[in-house]
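So in the numbering used here, spot 342 of the sequence shown is number 348, and the numbers just go up one at a time. Here's the structure, in structure tokens; my notes come after.
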Amino acid sequence: VPLGSCEPGKRIVITTLVKSAPMKHVEGGDNVQTMKAKVETLYHHKSYSEVVTKGHEPKSRPMKTLLEAMVTTLDRPALTVDDADAFMFGDDRVMVNVSLQCNTPVPFYIKEWNLDLPPPLVVEDDGDLNKGIFRHAVPEGEVLLMGFKCIRTSVSDDQPLSERPILRVVLQDDFGKTFLQVLPINLEDIYKQLRKEDMYAEIYNATAELTCSVEEGTVGHPVPFSYKLNLQSLMLPKRRKSNNMSSAGQSIASEVGCPILYTIISDGSDWIVSGKIQGLIDFASGTETLTLQFRGIPTQSGILRNFPELLLKYLPSKSADKNLVDMLPPITVQCRNPDYFKSMAYTTSTSLAVPAGIDEF
């Protein structure tokens with residue numbers, strides 16, 4: 007690099023861009039990542055060119071100065087994922103939040119970014135909620151919060167699957183140089199939840215909500231209960247994959263012609279149940295919701311959190327095809343119970359004493 011003439015007290019600054027190779031960081035080790043710089047300067051006296059041109063002196067080797075320096079550098083990338091989480095909202099929609107921490111002592115700008123998610127999640131067209139918020143230089147230690155609205159889609163068998171969620175961020179420094187950061191995102195919790203829902207989508211399930219007419223009572227006194235049962239998924243089951251057993255929009259039970267037997271049990275709870283605790287549900291009526299009423303008697307005092315349980319199963323009829331009946335899937339009931347019931351013990355008892363002779367006994 008030609009430097010030109012150097013006068014006394016004059017400073018010359020040489021700027022270079024350095025990128026280190028990947029370094030394997032050993033946890034618990036005392037190794038420090040460093041950068042070594044070596045600058046070799048060759049120079050002649052100011053009047054050297056004039057003297058050589060006139061032939062007064064022969065050509066000679068230039069003088070040499072060697073400067074070496076060693077500085078410590080970052081042992082972490084410029085951006086690291088501080089935290090990442092996701093939660094569901096609405097129908098088949100997921101909000102993904104990612105927080106990034108800056109580790110470089112030199113501020114930089116975020117030029118662009120992109121979030122790649124494995125199926126069944128994709129970022130919506132208007133799901134990038136970070137547009138226009140990173141127009142300033144990002145200093146060391148600052149935490150960046152990014153949000154993405156995602157939608158759940160169907161997964162085809164021939165669709166390639168990504169290994170894990172990836173956030174790609176392009177950084178730009180003051181010289182216009184850009185760097186690409188590839189940051190893996192841990193969203194295993196939400197993907198486990200989605201896989202679990204897909205598994206239950208293959209099984210017929212019903213939802214029920216148990217309500218109690220009162221929030222407290224005494225031991226031995228009947229309490230009115232009611233189950234609000236939703237059978238929509240049984241009549242029009244949700245399928246994410248094709249099923250050759252049933253035509254679209256029609257349940258297996260309706261094709262086979264099997265009614266459903268419901269049973270309300272109190273095993274393992276703190277109640278004794280009475281009333282119409284068993285009966286049949288016929289799909290011929292086309293009713294998707296119905297209410298089941300019964301009575302429960304608390305058997306002990308205190309805060310009761312265990313409630314009776316509702317069971318559903320197919321009841322084969324005489325006209326049903328036995329082969330199809332054997333292929334009927336089990337019914338899972340997802341029930342929502344009250345938070346608690348306050349059961350109080352007897353504190354007083356009123357009795358009537360009637361005198362009687364000994365002969366009457």
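Don't be surprised by glycine CBs; every beta carbon is placed ideally from N, CA and C.
Query, Result
"Please report the distance separating the alpha-carbon of A214 from that of L286.", "16 Å"
"Buried or exposed: where does V188 fall if 16 or more other Cβ atoms within 10 Å of its Cβ makes it buried?", "exposed"
"I'd like to know whether the C-beta atoms of Y230 and S323 end up nearer to each other than 8 Å.", "For the sequence presented, residue 230 should be read as Pro rather than Tyr. Not a contact, by the Cβ cut-off of 8 Å."
"When burial is assigned at 16 or more other CB atoms within 10 Å of the CB, is L177 buried or exposed?", "buried"
"In the region 41 to 72, which residue ranges form an unbroken beta strand (DSSP E) of at least 3 residues, counting only runs that do not cross its ends?", "none"
"For R141, is the beta carbon positioned less than 7 Å from some heavy atom of the ligand NAP?", "This structure does not include the ligand NAP; it has no bound ligands of any sort."
"Would you kindly work out how many angstroms separate the C-alpha atoms of L378 and A92, rounded to a whole number?", "Nothing can be reported for residue 378, as the shown portion of the chain is limited to 7 through 367."
"List in chain order: all unbroken beta strand (DSSP E) runs of 3+ residues lying wholly within the region 176 to 209.", "184 to 190"
"According to DSSP, is L240 helix, strand or coil?", "helix"
"Determine the closest residue to L216 out of V161, C108 and F347, with distance taken between C-alpha atoms.", "F347"
"Assign T305 to one of three DSSP states: helix, strand, or coil.", "coil"
"Please name the residue in D276, S160, S272 and G153 whose C-alpha comes closest to that of D89.", "G153"
"Helix, strand or coil for R311? Go by DSSP, reduced to three states.", "coil"
"State buried or exposed for S402, treating a residue as buried only when at least 16 other CB atoms are found within 10 Å of its CB.", "Nothing about residue 402 can be read from this structure; the chain reaches only from 7 to 367."
"Assign I139 to one of three DSSP states: helix, strand, or coil.", "coil"
"Give me, in chain order, the residues of the same chain whose beta-carbon lies closer than 6 Å to that of L9; leave out the 5 immediate sequence neighbours on both sides.", "I18"
"Suppose you measure from the CA of G96 to the CA of V24; what does that come to, to the nearest Å?", "48 Å"
"By the 10 Å Cβ neighbour count, where 16 or more other Cβ atoms means buried, how is S239 classified, buried or exposed?", "buried"
"Among T293, G138 and S280, whose alpha-carbon lies nearest the alpha-carbon of P304?", "S280"
"Count the other CB atoms, across all protein chains shown, that sit within 10 Å of the CB of L127; report buried if there are 16 or more and exposed otherwise.", "buried"
"Rounded to the nearest angstrom, how far is the Cβ of P171 from that of D98, given a contact under 8 Å?", "About 18 Å separates the two Cβ atoms, so there is no contact after all."
"Indicate whether the contact test is met: 3 or more Cβ pairs, each with one atom in the region 271 to 279 and one in the region 304 to 313, closer than 8 Å.", "yes"
"Quick one: what's got a C-beta closer than 6 Å to N136's C-beta in the same chain, skipping five residues either side?", "M152"
"Is C108 near P145, with beta carbons less than 8 Å apart?", "yes"
"Can you name the start and end residues of the beta strand (DSSP E) that I116 belongs to?", "Y115 to D122"
"How would you write the range of the beta strand (DSSP E) that I266 sits in, first residue to last?", "I266 to I271"
"Taking the alpha carbon of D134 as the point to measure from, which residue in H142, E63, V102 and K319 has its own alpha carbon closest?", "V102"
"Is I20 buried or exposed, if buried means 16 or more other CB atoms sit within 10 Å of its CB?", "exposed"
"Whole angstroms is fine: what's the gap from N250's alpha carbon to Y210's?", "For N250, the predicted structure reports a pLDDT of 38, less than 50, and the residue's modelled location is therefore unreliable. The matter cannot be settled from this model."
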